[in-house]
Amino acid sequence: MANFIIAQMLFLEAQDPDKPIWMYINSPGGSVTAGMAIYDTMQFVGPEVGTICMGLGASMGQFLLCAGAQGKRYALPHARIMMHQPLGGVRGQASDIAIQAEQMAYTKKMLQERIAGHTGQSVETIEADSDRDRWFTAEEARDYGIIDKVIVRRGEMH
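The numbering used here runs 157 ahead of the 1-based position in the sequence shown.
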C-alpha cells in the first residue's frame, strides 16, 4: 500500500507540480517504515500535501494526518484520531534484543519530535500523551494541533 501511495504522489506531482495533493486517511495504522516512506515523500514532492481524516486516523494514520501541509489538515466531524508510541516485538539473542530496543527508542524519539513539530506541542507533552493510547475527537484533534479544521463539506477546504 505504501508503494502505491508514494507512486501516486510522484505521479500527481508530475501531472501538475503546482496543484495540491490530497491524502484521504481512514487507517488503523501500520508499519513505521512504510509510514515514514510516505511521510518522506510528502515532504519531498513539490505540491503541498493536504490530509483529510475520514473515519479513523490511528497510529501512523495519525502521524501522517498531522504531517499534512499547514492549513490543509482536516477531519470530518465523526472521525476518531489515536496517538500512541510505536509498537514492536523483539526476539533473538540478548545482543540482538539490545540492538532492537535501541532502534525502537530511536524511532519513538524521532516520531515524538516530528509530531511535536507538526502540532506545536512540546516533545515532553507528546511523550506523556503517547505513552498509552490517546484518543481524540475531531474537535479535540483540532485543539491539540493535529488538524487545522473540522469540516462537513468539501467546499470548506482551501
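Here a beta-carbon is modelled for each residue, glycine too, at the ideal position from N, C-alpha and C.
Rounded C-alpha distance that separates residue i from residue j
{"i": "F168", "j": "N160", "result": "12 Å"}
{"i": "S184", "j": "G212", "result": "8 Å"}
{"i": "V189", "j": "K306", "result": "26 Å"}
{"i": "R248", "j": "I254", "result": "6 Å"}
{"i": "T294", "j": "Q250", "result": "42 Å"}
{"i": "K266", "j": "G274", "result": "12 Å"}
{"i": "R289", "j": "H241", "result": "6 Å"}
{"i": "E313", "j": "P177", "result": "15 Å"}
{"i": "G214", "j": "E297", "result": "13 Å"}
{"i": "R299", "j": "H235", "result": "13 Å"}
{"i": "A224", "j": "A194", "result": "13 Å"}
Pick from the options that is closest to residue i, judged by C-alpha positions
{"i": "F220", "options": "A251, Q260, R291", "result": "R291"}
{"i": "V206", "options": "Y231, A262, R311", "result": "Y231"}
{"i": "A262", "options": "P243, I308, R310, R311", "result": "P243"}
{"i": "M199", "options": "S252, G246, A226, A273", "result": "A226"}
{"i": "R237", "options": "G218, S279, I254", "result": "G218"}
{"i": "A171", "options": "I303, A194, V202", "result": "V202"}
{"i": "Y301", "options": "R310, I308, I283, P204", "result": "I283"}
{"i": "T208", "options": "G228, I256, P174", "result": "G228"}
{"i": "I308", "options": "L233, D286, S287", "result": "L233"}
Strand pairing of residue i, partner residues [DSSP]
{"i": "C210", "result": "I182, A232"}
{"i": "V189", "result": "Partner(s): none; V189 has no beta bridge."}
{"i": "A239", "result": "According to the sequence displayed, residue 239 carries Met and not Ala. Looking at the DSSP assignment, M239 forms a beta bridge with A215, W292."}
{"i": "K306", "result": "Y231"}
Residue burial classification, residue i (beta-carbon count within 10 angstroms, cutoff 16)
{"i": "Q278", "result": "buried"}
{"i": "Q260", "result": "exposed"}
{"i": "G245", "result": "exposed"}
{"i": "M166", "result": "buried"}
{"i": "S216", "result": "buried"}
{"i": "M158", "result": "exposed"}
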